[in-house]
Structures are given as structure tokens and as C-alpha cells.
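Here is the structure we will look at.
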Amino acid sequence: MSSKTTLPEVSLTALISSNTAPSESEKEATRTISKNLQSKLDSLNVEISGLLAIVEEKLRDRDSIQASLTAHQAVLHPIRSLPPEILSQIFCHCLAENVNPTISGLQIPNRPVPSAAPLLLARICRGWRKVALGTPQLWTALKLDIRANSTSNPWWQRQRVFLSLWMSRAGGLPMVMSVYIFGDISFSLLEYGTIRETFNRSSHRWKAIHWICSASKQIQDYVLPLLTAYAGRFPALETCSFNLSGSAGIPLRRYANPPNIIFRDACFFHNLPKLRNVQMDAVYASIWFALPCRRITSLTLVGHRHSPMSISVKECFHLIKACPLLETLNLRCGIVDNVEPGAAPIEHPLLKSFSVLFISVPYTQLPTTGLNVLFDQLVFPALQTLVIVSRGPTSRWAQVDSFTKFLSPMIGTLRRIEIQSLGPEGLAILPCLRLCANITHLSLELNHVDNAILSVFGPGQDGQLPFRYLKYLKIDGFFSCSSQAFNSFVKAVLGTNKESEEPCCLRHLILQCRRLPSPALPFTTQESADLLRSRIANGLDVQIYGELQPASAQCRFSFAAPALVAIPGQSQR
Numbered sequence: 000m001s002s003k004t005t006l007p008e009v010s011l012t013a014l015i016s017s018n019t020a021p022s023e024s025e026k027e028a029t030r031t032i033s034k035n036l037q038s039k040l041d042s043l044n045v046e047i048s049g050l051l052a053i054v055e056e057k058l059r060d061r062d063s064i065q066a067s068l069t070a071h072q073a074v075l076h077p078i079r080s081l082p083p084e085i086l087s088q089i090f091c092h093c094l095a096e097n098v099n100p101t102i103s104g105l106q107i108p109n110r111p112v113p114s115a116a117p118l119l120l121a122r123i124c125r126g127w128r129k130v131a132l133g134t135p136q137l138w139t140a141l142k143l144d145i146r147a148n149s150t151s152n153p154w155w156q157r158q159r160v161f162l163s164l165w166m167s168r169a170g171g172l173p174m175v176m177s178v179y180i181f182g183d184i185s186f187s188l189l190e191y192g193t194i195r196e197t198f199n200r201s202s203h204r205w206k207a208i209h210w211i212c213s214a215s216k217q218i219q220d221y222v223l224p225l226l227t228a229y230a231g232r233f234p235a236l237e238t239c240s241f242n243l244s245g246s247a248g249i250p251l252r253r254y255a256n257p258p259n260i261i262f263r264d265a266c267f268f269h270n271l272p273k274l275r276n277v278q279m280d281a282v283y284a285s286i287w288f289a290l291p292c293r294r295i296t297s298l299t300l301v302g303h304r305h306s307p308m309s310i311s312v313k314e315c316f317h318l319i320k321a322c323p324l325l326e327t328l329n330l331r332c333g334i335v336d337n338v339e340p341g342a343a344p345i346e347h348p349l350l351k352s353f354s355v356l357f358i359s360v361p362y363t364q365l366p367t368t369g370l371n372v373l374f375d376q377l378v379f380p381a382l383q384t385l386v387i388v389s390r391g392p393t394s395r396w397a398q399v400d401s402f403t404k405f406l407s408p409m410i411g412t413l414r415r416i417e418i419q420s421l422g423p424e425g426l427a428i429l430p431c432l433r434l435c436a437n438i439t440h441l442s443l444e445l446n447h448v449d450n451a452i453l454s455v456f457g458p459g460q461d462g463q464l465p466f467r468y469l470k471y472l473k474i475d476g477f478f479s480c481s482s483q484a485f486n487s488f489v490k491a492v493l494g495t496n497k498e499s500e501e502p503c504c505l506r507h508l509i510l511q512c513r514r515l516p517s518p519a520l521p522f523t524t525q526e527s528a529d530l531l532r533s534r535i536a537n538g539l540d541v542q543i544y545g546e547l548q549p550a551s552a553q554c555r556f557s558f559a560a561p562a563l564v565a566i567p568g569q570s571q572r
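Sequential numbering of the sequence shown, starting at 0, is according to numbering that gives the first Met the number 0.
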């Protein structure tokens, strides 16, 4: 036994909690205690290391067993037993609807993208590859990028083989071709071997061709000579479009006076027996006279954001009269007001869908028209879909009398209405929508949603509710309504008609509430919340989105009585 005196631990505790210098005996006692503690710590570390090694071994065993279990469960997965015909139909739904992801045109023109359908589907397994290659519907869309440096790209030396293989996989099905032209190319498309060979081999199979150019001049310099040379060789073509695009870093040319592009040789269009759908940028509006107008059923004029080009009201009316079979008309460009006073109304008995974009002066740099001119002159008794989009100041939007006159002939046929970006003047026409009692789809994008707006959905003087057949309702705007108005709105769109006891037809209710003052909807009561929950239980799809503050994250609302409480989530926008 040591003859040295060992101080009790309590005295060392007092030293630890102070800055007092220890004596020699206290130093010796501290060294002894530290040595014992270090020994215990080393022993625990050894024991922990052994336990960790055991845990790691068990984790590896677990992962191995889990992987084996997953692999064995995959053997029993129903997708392995799907007939090739069903798997083929599923593959067709994997394709993008609005874009063609099969070929990339950004970094390497016409380079196939293996991470997107349909190439991705052919890389999963041998069985899927066989089904994908045996499904010609997956290979009917093709895109070509033609750039200033195209011929110097090594990939272009091999693209003929690639295009030939791609088109062979489509079998004999009709194809959709998209051709992008960027920059000032130094060669004629007629002299370009790949284009010439592609046109020679497959032009008879094309059901749609889309030309997207970075400058309007390219249509006249490159596209027109090519189309004229191949006139009469597109017997299956149903859709043709001419558009401008400033994408891929190529700036769009801007003209103070856009060139008057005229198709002097109209044989290309008049040798298209199946052509029915045409879309073009407003810069190419003068092309319309070369179209086989008497066969056109769908026409779209688009105003590019870099282009100041518009069409006149007189040209618009002439187009409508020249296309007796027209069913869809989309005017997405500025409309110059040059209609003659006292002109006779224009009636089109077959038009079913009409979309108009109202752009005011600061946007187009041109004297544009108000919608009154169109509403006063146009009569569409068979119209089923009406879309009105306004951009910029709306002081010349529309008058209630003009809009009411426009709606009157189509009250019984109109089923779908979309109105976007109304200013204070345009809001006055919303009560006119009550005339359209048979609509099933209503979408409103408004600057402000107040009590007056929501009262449009309330009962009339006869106690009858409007929009009795409404199945889809979307309202987007800055909600500034009262609790009473909101609850009346909820009961009107989700309740029943007290007179006839007709059941509620609504299946989708979407409210985009922008910049709400608080995390909870302050204008919701127990009654409306209970009604919402009961309708949800019966299959109603309710989506309410909003923003807490202008700079805060958007949130989605859950149904917690008595209020709708905001929770984080993605917005509808």
C-alpha cells in the first residue's frame, strides 16, 4: 500500500471548479485519478469497438438480406406478367406531350438523349427493349436542328444513319417533324444532304411539320425554296406551323418594319389535300392568302414577345369569312383597330373554339383595338370554348353591352370559359357570365377577388343558382373578400339548388389565393369548413393555394375546422 496521502475526490472537485493552484499532494492525487479514468476509458473504447464491429457486420448482413428480399419480391411483381400489348400502351404514355425529348438541340444538335423516352425504355432490360423497338408509336416524332456550324460538327457526319434507323423504327406510321433553324446558315437546305435525303424518303409520311426559326427572314431564304421544290409530296400532311424562337442563346432579329413575307408560289399549300391545322407567327400573317382556306379547320396566329407585328381587325374578319369550315381560331397577337363604322356583323356557324389575346399599346408599340370591336361584329352561334387573355392596361377592354351581345347567340352551346388578367374595367363584364348557365368549365385569373366577384356565383332574384352544371372551377387572384361573402360563395358552388334540389355537379375546385395576410384563411367559418369536408368525402377535389407574404414560401391549405390552416407545400402556379 502506498504511504502517500490520497486526498478525497470532493476536494479535487473544489479545485476543478476554481482556478486555485494545486499543492504537490493535490497534483499527485490528480495524476492518480486521471490514470485510473484513462484506464477505464481505454477499456470502454475497446469494448465499444468490438460492439461496433458486430453492429457493422449485422448491418452488412441486413443489407444483403434486404437486397436479396427485394430481388426475390421483384420476381413476383405484376409488371413482369404484363402482356407486351399492355406494356406497349404504357410506354406510349411516357412520351412528353408538348416537346420531343428524343433528340437534344442545345449542346449537340440531333444527339439522342438516352435518359428520356423512348431511348430510356429500351435500356432497362432485354424484354423492355424488345417491346420498345416493336412499338412504332414511340418513334413517330423527330426533331432536326440546323445551325450555322452544323456541317462542322462530327455528329452530323453520322446523323444520316441515325435518322434512317429512327424512321425505320416508326414503321409505316405517320410522323411529326420539327425543324429548328438557328443563325445564318451558309448553305441551301436543298443542297444539304441530310435534309434532302430525309424529305425524299419520308415526306409522304408526315402528318405534321413545324418550322421554328430564329429570324423571320429564314422562312423566305431557306424554308420557302425547300417547300416549293417539294410541292405535292406531302399527301398526309395535316398540320403545318411557322414560328419564331429566340431560344438556345440565339438572339431573335428585331425589325423596325417586319418584312412582308409573301408566298408567291402557292402550289405548296394547295397541293396539301389533308391540311387542316395551321399555326404561324404574326410576322407571317401575309401568308394566309396562300393557304387553302376553304379546308382549314384550325388557325392560330401567335405574336412573339420580340415582334411588334400585329394583324388588323379587317384581316381578322377576312380570315374568318375565308375559312367556312373553321372550328378553332386562336388570336394570340395584337389586333390593330381599322374596322369601318357600321360594318355588318360576321357570323360563323361552325366555329367551336375562340381564343383572343388582348394586348394594349405599351406592349406592341402599335395602336391596338379594344375587344368591343370584335364583340360587336362577331357572331358564333355554335361556340363551345371561349378564352380571353388581356395584357397591359385595360382601359379599352370591353363594355358590358358588347360582351352581352356577343354571348347571347351562344348561351345554349358554350361549355368552357377562361378569362385571364382582367383589370378593373374588365371586371364589370363578369356578371354577364351568369347568362351561360350550361358551362361546365370556368377559369378566372383576376387581379382582385372581392365580395362583388364572389357574388356572381350567388343566387339570382328568382332564387336560382347560376352554373348548375359546373364541374370545374378555378379562381386565381388577390383575395380581399369578407367572411360572409366567402361562405356564401362556398355554399353556392358546393350546395344544392333549394328550388329543384338538383345535386351539386362540381368535381374540381381550385383557389389560387395570392398574398394572403395571415397563415390561416380568416374568412372561413365552421359551416363552410364542414361543407367542404363533406364534399371531399363524396369525391370533390378541393385545392386551395396561397402565399403568406409577398416574399415568403407558398403554402397549401389543409382543412382544420373552423378555419383552413396553411401548411407548406407547392403552389398551383
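Glycine included, every Cβ here is placed at the ideal spot set by N, Cα and C.
From the DSSP output, which residues share a beta bridge with residue 477?
Paired residues: 447.
To which residues of the same chain is residue 246 closer than 7 Å at the C-beta, ignoring the five residues directly before and after it?
With a pLDDT of only 38 at residue 246, under the threshold of 50, the placement of this residue in the model should not be trusted; the figure read from the coordinates follows. Correct list: empty, nothing qualifies.
Check whether the segment 479-493 and the segment 435-451 touch, using three or more Cβ-Cβ pairs below 8 Å as the test.
Flag = yes, the segment 479-493 and the segment 435-451 touch.
Here's the rule: buried if 16 or more other CB atoms are within 10 angstroms of the residue's CB, otherwise exposed. What is residue 574?
The structure shown has nothing for residue 574, since the chain only spans 0 to 572.
Would residue 140 and residue 175 qualify as a contact pair, given that the criterion is a beta-carbon distance under 8 Å?
Yes, these two residues count as a Cβ contact at 8 Å.
In the structure shown, what three-state DSSP assignment does residue 271 receive?
Of the three classes helix, strand and coil, the one that applies to residue 271 here is coil, per DSSP.
By Cβ distance, which residues of its chain are closer than 6 Å to residue 388, with the 5 residues on each side in sequence left out?
Only 356 and 419 meet the Cβ criterion.
Might you give, ordered along the chain, the residues of its own chain that have their beta carbon closer than 7 Å to the beta carbon of residue 18, omitting 5 neighbours on each side?
Result list for residue 18: empty, nothing under 7 Å.
Can you look up residue 486 in the DSSP assignment and give me helix, strand or coil?
Three-state DSSP puts residue 486 in a helix.
Among the candidates 505, 528 and 478, whose CA atom is the shortest distance from the CA of residue 511?
If we check each option's Cα against that of residue 511, 478 comes out closest.
Which same chain residues, not among the five before or five after residue 14, have their C-beta less than 6 Å away from its C-beta?
Result list for residue 14: 21, in chain order.
If you scan the segment 114-183 from start to end, which runs of the alpha helix (DSSP H) of 4 or more residues do you find wholly inside it?
List check, alpha helix (DSSP H) in window: 125-132 and 158-168.
Excluding five sequence neighbours on each side, which residues of the same chain lie with their C-beta closer than 6 Å to the C-beta of residue 169?
Within the same chain, residue 169 has close Cβ partners 135, 138 and 139.
Is the segment 31-51 touching the segment 60-69, taking contact as three or more C-beta pairs under 8 Å?
Contact fails: fewer than three Cβ-Cβ distances are below 8 Å.
Which term fits residue 74, buried or exposed, when burial requires 16 or more other beta carbons within 10 angstroms of its beta carbon?
Classification of residue 74: exposed, given that the 10 Å Cβ count is below 16.
Between 348, 184, 146 and 201, which lies nearest to residue 173 when the distance is taken from Cα to Cα?
Residue 201 is the option with its Cα nearest to residue 173.
Look up residue 332 in the DSSP assignment and say whether it is helix, strand or coil.
In the structure shown, residue 332 sits in coil (DSSP, three-state: anything other than H, G, I, E or B).
Taking Cβ positions, are residue 267 and residue 226 nearer each other than 8 Å?
Yes, Cβ-Cβ distance for residue 267 and residue 226 is below 8 Å.
Under the DSSP definition of a beta bridge, which residues are partnered with residue 353?
Per DSSP, 328 and 385.
Roughly how many angstroms separate the alpha carbons of residue 11 and residue 53, rounded to a whole number?
Rounded to whole angstroms, residue 11 to residue 53 spans 39 Å at the Cα level.
Specify, as a first and last residue, the run of the beta strand (DSSP E) that residue 211 falls within.
Looking at the DSSP string, the run of the beta strand (DSSP E) that includes residue 211 is 205-212.
Leaving out five residues before and five after residue 471 in sequence, what residues of the same chain have Cβ atoms less than 6 Å from its Cβ?
Cβ within range, chain order: 440 and 507.
At the level of alpha carbons, what is the spacing between residue 177 and residue 445?
Spanning the two alpha carbons is a distance of roughly 36 Å.
With residue 400 as the anchor, note down where its beta strand (DSSP E) starts and where it stops.
From DSSP, residue 400 is part of no beta strand (DSSP E) but of the alpha helix (DSSP H) over 399-406.
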